[in-house]
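Taking it in order: structure first as structure tokens, then the write-up.
Protein chains: 2
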Amino acid sequence: MQFHGYFRSSSSYRCRIAFNLKGLNYDFVSVHLLKDGGQQKSEAYKAMNPQGLVPTLEVDGQVLTQSPAILEWLDETYPEPPLLPIEPFERARVRAFTQVIACEIHPLQNLRVLQFLKQNYDQDQEGVAVWCRRWIGDGLEACEALLVKQNGGADFCFGDTPGMADIYLMPQVFSAARFGVDMKSFSNINRIVENCSKLEAFELAHPSKQPDAEA
Amino acid sequence: MQFHGYFRSSSSYRCRIAFNLKGLNYDFVSVHLLKDGGQQKSEAYKAMNPQGLVPTLEVDGQVLTQSPAILEWLDETYPEPPLLPIEPFERARVRAFTQVIACEIHPLQNLRVLQFLKQNYDQDQEGVAVWCRRWIGDGLEACEALLVKQNGGADFCFGDTPGMADIYLMPQVFSAARFGVDMKSFSNINRIVENCSKLEAFELAHPSKQPDAEA
Chain W
0 MQFHGYFRSS
10 SSYRCRIAFN
20 LKGLNYDFVS
30 VHLLKDGGQQ
40 KSEAYKAMNP
50 QGLVPTLEVD
60 GQVLTQSPAI
70 LEWLDETYPE
80 PPLLPIEPFE
90 RARVRAFTQV
100 IACEIHPLQN
110 LRVLQFLKQN
120 YDQDQEGVAV
130 WCRRWIGDGL
140 EACEALLVKQ
150 NGGADFCFGD
160 TPGMADIYLM
170 PQVFSAARFG
180 VDMKSFSNIN
190 RIVENCSKLE
200 AFELAHPSKQ
210 PDAEA
Chain C
0 MQFHGYFRSS
10 SSYRCRIAFN
20 LKGLNYDFVS
30 VHLLKDGGQQ
40 KSEAYKAMNP
50 QGLVPTLEVD
60 GQVLTQSPAI
70 LEWLDETYPE
80 PPLLPIEPFE
90 RARVRAFTQV
100 IACEIHPLQN
110 LRVLQFLKQN
120 YDQDQEGVAV
130 WCRRWIGDGL
140 EACEALLVKQ
150 NGGADFCFGD
160 TPGMADIYLM
170 PQVFSAARFG
180 VDMKSFSNIN
190 RIVENCSKLE
200 AFELAHPSKQ
210 PDAEA
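Chains as they are written, first to last, in numbering that gives the first Met the number 0: chain W, 0 to 214; chain C, 0 to 214.
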């Protein structure tokens, strides 16, 4: 498997955690989102991934894009340990949690969106941070509310083993810290983050531990 | 099944198409996103769906949120006709296509985001339309590129029967029209939209056909 990603990309970070939880090895290809005007916009990269976003997973001559699709594929293809529960209602609850992050928070803090705010609405770094804090804060508040209803004090988002929801939560909390989101009231999230941080699968997936990491 | 939605919401529209394709009946509960300061923000609604977004599906005392999770649940629980292929790589490709729409386009044109642009960046209706056209245009361009690579002239996004990708595409094209996105170059999308429009499952799911429809 060849994995094209970027150390700071949340969606790359999600996949790295999943690879580690499943015990899968892969070759990493760095796609620097800022160098050369954005290496993800190169003709060569876009021939493989027309959307010009990371990550991309190449496996057996097949090209997989979009981290949620990659993660579902990983779980279908390498079922142990499972990332989703078996019971359909439970699967739906876990997926809904991941989609609060993947569909409601993450797209709004995507690099191309932040560049648009700077160029078209004359926002400086602090203006961009206000935007990010708003959507990350709202989204994590919804995640916390879901945990209050459903978590019951478990070590991880949905039970006592890490799974799909934790895979989405950790990178989002990492980027919340970058933008200075106030996390004090999110006691379930904070407890789960602490528990995830103790696991090697999460620790080795951290942006700072990647070969392309920068300060 | 009790389905809480709004006629113009893309994610409600997706679910309606899926219900129709599966031949499932449901009770509809209208949640007006603009009336009463947004009925989705009411205490009663948020007790059920803490994120305060539509749609919500209530079934057998269970509450399901986030349309991608609802659609996966529907396909797992009512497998005929299937919305996803069986082969894992093919499933991943269909899901990636849906996520270009669900994760890259749709969140950016969400009502709360457009309200933020008006209030914080002083954008008028045309400014908001410029924003929407940019992200819908970029996203549909990526969808068209995926179809050029993968569709091979089939009637629907992935083959000769409608499925998950078509369920996401139709509502997105409906909203593209609202914001005046130039669709001329998207020949695969246009052909597929024409084919979907001929099917009762899609036609009856159209926003204009809903009990809460407005001009």
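Built from N, CA and C at the ideal position, the CB exists for glycine as well.
Going by DSSP in three states, residue i sits in which element: helix, strand or coil?
| i | result |
| --- | --- |
| T64(W) | strand |
| T137(C) | One detail in the question is off: residue 137(C) reads as Asp in this sequence, not Thr. DSSP places D137(C) in helix when its eight states are reduced to three. |
| H3(W) | strand |
| V30(C) | coil |
| V180(C) | coil |
| S174(C) | helix |
| P106(W) | helix |
| D165(C) | helix |
| Q114(W) | helix |
| L198(C) | coil |
| P210(W) | coil |
| Q124(C) | helix |
| L23(W) | coil |
| L203(W) | coil |
| F18(C) | helix |
| S11(W) | helix |
| N150(W) | coil |
Thinking C-alpha only, which one of the options is nearest residue i?
| i | options | result |
| --- | --- | --- |
| A214(C) | V62(C), D74(C), R7(C) | R7(C) |
| L33(C) | Q1(C), E57(C), D137(C), Q114(C) | Q114(C) |
| G136(W) | F157(W), V147(W), H105(W), V112(W) | H105(W) |
| K148(C) | A17(W), F18(W), N48(W) | N48(W) |
| V53(W) | D59(W), Q61(W), G60(W), I69(W) | I69(W) |
| V30(C) | W72(C), K40(C), K21(C), L23(C) | K40(C) |
| C156(W) | D181(W), W134(W), N187(W), A141(W) | N187(W) |
| G36(W) | F18(W), F2(W), L110(W), R13(W) | L110(W) |
| A101(C) | W72(C), A128(C), S66(C) | S66(C) |
| R190(W) | G158(W), D154(W), L203(W) | D154(W) |
| F88(C) | L82(W), L198(W), P81(W), G60(W) | G60(W) |
| V172(C) | S9(C), L63(C), E71(C) | S9(C) |
| A128(W) | F18(W), K21(W), V112(W) | V112(W) |
| D215(C) | N19(C), K45(C), R132(C) | Shown here, chain C extends from 0 to 214; a query on residue 215(C) therefore has no answer. |
| R132(C) | D159(C), L83(C), M182(C) | M182(C) |
| H3(C) | K21(C), S207(C), V58(C) | V58(C) |
| R94(C) | W134(C), Q38(C), Q122(C), C142(C) | C142(C) |
| D165(C) | Q209(C), P210(C), L82(C), L23(C) | L82(C) |
| Y167(W) | G158(W), A144(W), F201(W) | F201(W) |
| V28(C) | I16(C), V99(C), L56(C) | L56(C) |
| A144(W) | D26(W), D123(W), F185(W) | F185(W) |
| Q207(W) | M0(W), R15(W), Q1(W) | First, the residue type needs correcting, since residue 207(W) is Ser and not Gln in the sequence shown. Comparing Cα-Cα distances from S207(W) to each of M0(W), R15(W), Q1(W), the minimum goes to R15(W). |
Buried or exposed for residue i, please, with buried defined as at least 16 other CB atoms from any protein chain shown within 10 angstroms of its CB.
| i | result |
| --- | --- |
| I85(C) | exposed |
| G162(C) | buried |
| T76(W) | exposed |
| R177(W) | exposed |
| G179(W) | exposed |
| Q118(C) | exposed |
| S11(C) | buried |
| T97(C) | buried |
| A212(C) | exposed |
| H78(C) | Sequence check: residue 78(C) is Pro here, not His. P78(C) is exposed by the Cβ-count criterion. |
| S174(W) | buried |
| L107(W) | buried |
| S196(W) | exposed |
| A43(C) | exposed |
| A91(W) | buried |
| N150(C) | buried |
| E125(C) | exposed |
| P170(C) | buried |
| E193(C) | exposed |
| P80(C) | exposed |
| L146(W) | buried |
| G152(W) | exposed |
| G138(W) | buried |
| A46(W) | exposed |
| G51(W) | buried |
| E71(W) | buried |
| L63(W) | buried |
| Q1(W) | exposed |
For residue i, write down the residues that DSSP places opposite it in a beta bridge.
| i | result |
| --- | --- |
| G158(C) | F155(C) |
Beta strand (DSSP E) runs contained entirely in the stretch 34-96 of chain W, provided each spans 3 or more residues: 55-58, 61-64
Residues within the stretch 93-118 of chain C neighbouring chain A, beta-carbon criterion of under 9 angstroms: Absence of chain A from the displayed structure is noted, the protein chains being W and C.
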